[in-house]
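K.L.:
This is the structure I want to talk about, given as structure tokens.
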Amino acid sequence: DKGPDSSSERQGIEFWIGLWPANQGPLLGCSQQECGPLPGNATKAAPSRGDISIIKMKGDAAYSTVGSRQKQEGKLWDSMKTTGFILGTSLLLFAAFRNSVTWHLQKFWGASGDFWQAQWEKVLHLLGENEWAIFLLGTALVPTLVYWCFNGLLMVADVTGKPHFITRYRIQLGKNDPVDPAKLRQAVHTVLLNQVFISLPMMMLMRPIMKWRGQPCSEELPTFHWFLLELSIFILVEEILFYYSHRLVHHPLLYKRIHKQHHEWTAPVGVVSLYAHPVEHMFSNMLPVLVGPIILGSHVAAIMVWLCLAILATSVSHCGYHLPFLPSPEFHDFHHLKFNQCYGVLGVLDRLHGTDTLFKQTKAYERHVILLSLTPLTESMPDSPKKAK
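In this text, residue positions in the sequence shown follow full-length UniProt numbering: the first is 1, and each later residue adds one.
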């Protein structure tokens with residue numbers, strides 16, 4: 001064989017020869033005169049061509065490992081840069097969106113010459129600044145009217161099956177279609193008793209407590225940002241207290257005597273949200289929504305808005321219809337269906353305690369979203385044929 005034709009080939013051979021141990025045999029047909037001196041003035045004997053092939057394979061494998069490691073490190077770095085870019089962009093967009101929404105809502109809350117402040121002052125003047133009347137108006141009368149107006153509409157749909165644009169969104173198909181009138185009357189009767197003999201006295205007792213905490217009926221309304229902070233705390237307190245009080249009444253000793261009444265409705269309707277044993281209504285329905293305002297010493301206007309939101313939320317959760325553009329009731333509807341799943345309001349503590357594992361395996365979990373179209377989810381996400389049968 002002839003020596004290398006070019007400097008690159010020569011360097012390649014020198015590299016492989018340099019890797020060869022000194023105690024190996026000579027490289028056949030390639031002497032130092034033909035191939036040049038060994039690198040580093042080495043005195044090693046040259047390997048044979050068969051042996052140098054083995055060395056080359058090992059070197060290729062080494063280079064392959066190093067290259068693979070470098071490629072993985074490059075991919076990891078690219079992933080980190082991409083993740084940082086996405087998170088950074090998302091945070092900027094969120095901050096901009098939050099500031100924009102906050103600005104618009106704040107403008108709605110108090111712009112145009114403090115519109116809401118002026119309306120509040122009119123209410124105070126109309127009631128002669130009677131704090132008892134003002135407090136009970138905001139904490140008892142207005143939330144009760146909101147409850148019955150919303151659930152009155154739902155009861156018409158429950159009893160008559162009309163209008164179709166409501167009943168077509170029924171979650172548990174074939175249930176309460178129509179609802180049993182006698183059973184509904186019993187629920188309405190119980191709710192009225194709870195409101196008159198439990199809710200109203202609790203609000204009357206709450207008034208001196210709030211008076212001790214501050215000035216709930218003061219002339220000045222809270223700022224919009226302070227109300228948002230209060231609202232977030234109200235929601236957190238309600239989630240904690242309702243979850244654990246709800247789980248408590250599911251204890252066998254309490255379930256049969258107290259909570260079983262509420263679960264007579266395995267397919268709930270809106271009015272059932274307050275259909276409960278008096279003890280449960282006091283400790284599980286009322287206290288979770290009242291503790292937050294008591295802790296913060298909130299203004300009666302903030303309490304009124306919060307109670308109305310809480311009443312609408314629980315009515316939607318029990319209504320039995322997954323209506324467009326409203327919060328999903330699938331979570332609590334599944335609780336009434338299975339009893340031992342989905343105890344909370346938001347589902348945060350259910351995820352923490354693992355009391356939503358069965359729910360996550362069902363079609364109801366897939367439907368647990370805000371419906372943004374007019375097509376019922378039972379049609380766009382139908383049950384499997386086996387379950388339908």
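No residue lacks a Cβ here, since even glycine has one placed at the ideal position from N, Cα and C.
1. Are the Cβ atoms of MET210 and GLY297 separated by less than 8 Å?
2. Across the stretch 191 to 199 and the stretch 280 to 291, are there enough close Cβ pairs to call them in contact, namely three or more that are closer than 8 Å?
3. With distances taken between CB atoms, is the gap from LEU221 to GLN117 smaller than 8 Å?
4. Is the separation between the beta-carbon of GLY138 and that of VAL300 shorter than 8 Å?
5. Per DSSP, which one or two residues make a beta bridge with ARG170?
6. Count the other CB atoms within 10 Å of the CB of GLN186; is the residue buried (16 or more) or exposed (fewer)?
7. So what's GLU330 in DSSP terms, helix, strand or just coil?
8. Measuring only the C-alpha atoms, how far is VAL305 from GLY84?
9. Excluding the five sequence neighbours on either side, which residues of its own chain have a C-beta within less than 7 Å of the C-beta of LEU346, listed in chain order?
10. What ranges does the beta strand (DSSP E) occupy inside the stretch 210 to 264, keeping only unbroken runs of at least 3 residues that lie completely in it?
11. Have a look at GLY214, LYS360 and TYR321 and flag the residue whose alpha-carbon is nearest the alpha-carbon of ILE370.
12. Would you call GLU264 buried or exposed, if buried means 16 or more other Cβ atoms sit within 10 Å of its Cβ?
13. Could you tell me how far apart the beta carbons of CYS342 and PHE359 are, in whole angstroms, since I believe they sit closer than 8 Å?
14. Can you tell me which of ILE134, PRO208 and SER317 puts its alpha carbon nearest to the alpha carbon of GLU219?
15. Determine the burial state of GLU330: buried for a count of at least 16 other Cβ atoms within 10 Å of its Cβ, exposed for fewer.
16. With a Cβ-Cβ cutoff of 8 Å, do LEU184 and VAL156 count as a contact?
17. Rounded to whole angstroms, what is the Cα-Cα separation between LEU193 and ALA95?
18. Could you spell out the range, first to last residue, of the alpha helix (DSSP H) harbouring GLU131?
19. Of the residues THR89, VAL142, ALA310 and ILE294, which one's Cα is nearest the Cα of LEU274?
20. On the CB-based measure, 16 or more other CB atoms within 10 Å of its CB, does HIS237 come out buried or exposed?
21. Since I believe LEU349 is in contact with TYR255 (beta carbons under 8 Å), could you give me their beta-carbon distance rounded to a whole number of angstroms?
22. May I ask which residues mark the beginning and end of the alpha helix (DSSP H) holding ASN151?
23. Give me the residue from LEU323, SER315, ASN130 and ARG351 with the minimum Cα distance to GLY152.
24. Could you pull out every residue in the same chain whose Cβ sits closer than 7 Å to the Cβ of PRO278, ignoring the five residues on either side in sequence?
25. Would a C-beta distance cut-off of 8 Å place VAL269 and VAL179 closer than the cut-off?
26. For LEU377, which residues from the same chain have a beta carbon less than 7 Å from its beta carbon, with the 5 sequence-adjacent residues on both sides left out?
27. When burial is assigned at 16 or more other CB atoms within 10 Å of the CB, is ASN340 buried or exposed?
28. Taking the alpha-carbon of LEU307 as reference, which of LEU124, MET80 and THR144 has the nearest alpha-carbon?
29. Among HIS246, LEU92 and THR266, whose alpha-carbon lies nearest the alpha-carbon of MET286?
30. Which word fits PHE115, buried or exposed, when buried means at least 16 other C-beta atoms lie within 10 angstroms of its C-beta?
31. Using only CA atoms, which one of ILE295, TYR365 and ILE303 lies nearest to ASP383?
P.N.:
In brief:
1. Counting from one through the sequence shown, the residue named residue 210 turns up at place 210. Counting from one through the sequence shown, the residue named residue 297 turns up at place 297. Yes, the Cβ-Cβ distance between MET210 and GLY297 is below 8 Å.
2. yes
3. Here the question's residue 221 lines up with position 221 in the sequence shown. Here the question's residue 117 lines up with position 117 in the sequence shown. It is a contact, given that the beta carbons lie within the stated cut-off.
4. For this step, residue 138 is matched to residue 138 along the sequence shown. For this step, residue 300 is matched to residue 300 along the sequence shown. Their beta carbons are under 8 Å apart, which means GLY138 touches VAL300 by this criterion.
5. Translated into the one-based positions of the sequence shown, residue 170 becomes position 170. For ARG170, which the question treats as bridged, DSSP gives the partners TYR321.
6. By one-based count along the sequence shown, residue 186 stands at place 186. When all chains shown are included, GLN186 counts as exposed.
7. The residue given as residue 330 occupies position 330 in the sequence shown. Three-state DSSP puts GLU330 in a helix.
8. For the purposes of this step, residue 305 is identified with residue 305 of the sequence shown, where counting begins at 1. For the purposes of this step, residue 84 is identified with residue 84 of the sequence shown, where counting begins at 1. So the alpha carbons of these two residues sit roughly 39 Å apart.
9. In the sequence shown, the residue the question calls residue 346 occupies position 346. For LEU346, where only same-chain residues beyond five positions count, the Cβ hits under 7 Å are GLU239.
10. none
11. The sequence position of residue 370 within the sequence shown is 370, counting from 1. Comparing Cα positions, the closest option is TYR321.
12. The residue labelled residue 264 in the question sits at position 264 within the sequence shown. That one is exposed.
13. In the sequence shown, the residue the question calls residue 342 occupies position 342. In the sequence shown, the residue the question calls residue 359 occupies position 359. Confirmed, about 5 Å.
14. The count along the sequence shown starts at 1 and reaches residue 219 at position 219. Among ILE134, PRO208 and SER317, the Cα nearest to that of GLU219 is on ILE134.
15. Walking along the sequence shown from the start, residue 330 turns up at place 330. By the 10 Å Cβ count, GLU330 comes out buried.
16. As a working mapping, residue 184 is identified with position 184 in the sequence shown. As a working mapping, residue 156 is identified with position 156 in the sequence shown. No, the Cβ-Cβ distance between LEU184 and VAL156 is not below 8 Å.
17. Numbered from 1 along the sequence shown, position 193 holds the residue referred to as residue 193. Numbered from 1 along the sequence shown, position 95 holds the residue referred to as residue 95. Using only the alpha carbons, I get a separation of about 47 Å.
18. If you number the sequence shown from 1, residue 131 lands on position 131. Counting along the chain, the alpha helix (DSSP H) containing GLU131 begins and ends at 131 to 136.
19. Translated into positions along the sequence shown, residue 274 becomes position 274. That would be ALA310, whose Cα lies nearest to the Cα of LEU274.
20. As a working note, residue 237 is residue 237 in the sequence shown. Per the sequence shown, residue 237 should be read as Val rather than His. Result: buried.
21. By 1-based counting over the sequence shown, the position of residue 255 is 255. By 1-based counting over the sequence shown, the position of residue 349 is 349. Not quite, the Cβ-Cβ distance comes to about 19 Å (not below 8 Å), so this is no contact.
22. Here residue 151 is taken as the residue at index 151 of the sequence shown, counted from 1. Unbroken alpha helix (DSSP H) run through ASN151: 142 to 160.
23. Position 152 of the sequence shown holds residue 152. Comparing Cα-Cα distances from GLY152 to each of LEU323, SER315, ASN130 and ARG351, the minimum goes to SER315.
24. As a position in the sequence shown, residue 278 is number 278, starting the count at 1. These residues qualify, in order along the chain: ASN194 and ILE198.
25. Mapped onto the sequence shown, residue 269 falls at position 269. Mapped onto the sequence shown, residue 179 falls at position 179. Result yes, Cβ atoms of VAL269 and VAL179 sit closer than 8 Å.
26. For the purposes of this step, residue 377 is taken as the residue at position 377 of the sequence shown. Here the set comprises HIS322, ARG367 and LEU371.
27. The count along the sequence shown starts at 1 and reaches residue 340 at position 340. That one is exposed.
28. Reading the sequence shown from its first residue, position 307 is the one you call residue 307. Looking at the Cα atoms, THR144 is the closest of the given residues.
29. As a first step, residue 286 is located in the sequence shown; it is residue number 286 there, counting from the start. Closest option to MET286, Cα to Cα, is HIS246.
30. Translated into positions along the sequence shown, residue 115 becomes position 115. Result: exposed.
31. If you number the sequence shown from 1, residue 383 lands on position 383. Cα-wise, what sits closest to ASP383 is TYR365.
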